[in-house]
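Peer 1: Residue numbers (the numbering used here): 1033 to 1155.
Structure below.
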């Protein structure tokens, strides 16, 4: 359900991150945080969100191998989306039965799940 966010433009969708939190750091503190963020392999926002909202945050160092795995999985994810689109288009035009389309979807979900699990256990 759309929620008005007080700004012009499109309404805020509930659950969207719209609140900004700011604080200041010294040069030394920022250097330490930049090093930690770089090792965590995530954005500064994701790093601080994890650090603040979880009692025991878990950060894994991003190795070259892990970066490569993420890159490959992202490419595969795009291909999976294209295949799902093709299956839907073919079904909408009556070229394949809905049951065939659903089997494609199930297979694509399984492939996606396996790929995402590969990222979890890459290191």
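Each residue gets a CB set at the ideal place from its N, CA and C atoms; glycine is no exception.
In this structure, does DSSP put residue 1147 in helix, strand or coil?
Peer 2: helix
Peer 1: Answer yes if the stretch 1096–1109 comes into contact with the stretch 1144–1152, meaning at least three C-beta pairs across the two stretches below 8 Å, and no otherwise.
Peer 2: yes
Peer 1: Note down the Cα distance separating residue 1067 from residue 1086, rounded to an integer number of angstroms.
Peer 2: 20 Å
Peer 1: Measuring CB to CB, does residue 1079 end up less than 8 Å from residue 1069?
Peer 2: yes
Peer 1: Counting along the chain, where does the alpha helix (DSSP H) carrying residue 1107 start and finish?
Peer 2: 1096–1124
Peer 1: How long is the line joining the alpha carbons of residue 1082 and residue 1127, rounded to whole angstroms?
Peer 2: 46 Å
Peer 1: By how many angstroms is the C-alpha of residue 1151 removed from the C-alpha of residue 1120?
Peer 2: 28 Å
Peer 1: Would residue 1063 be called buried (16 or more neighbouring beta carbons within 10 Å of its own) or exposed?
Peer 2: exposed
Peer 1: How many Å lie between residue 1135 and residue 1110 at the Cα?
Peer 2: 19 Å
Peer 1: Kindly indicate which three-state DSSP category residue 1055 falls into: helix, strand or coil?
Peer 2: Here residue 1055 sits in coil by DSSP.
Peer 1: Quick one, which of 1061, 1065, 1077, 1112 has its alpha-carbon nearest residue 1050's?
Peer 2: Looking only at 1061, 1065, 1077, 1112, the smallest Cα-Cα distance to residue 1050 is reached by 1077.
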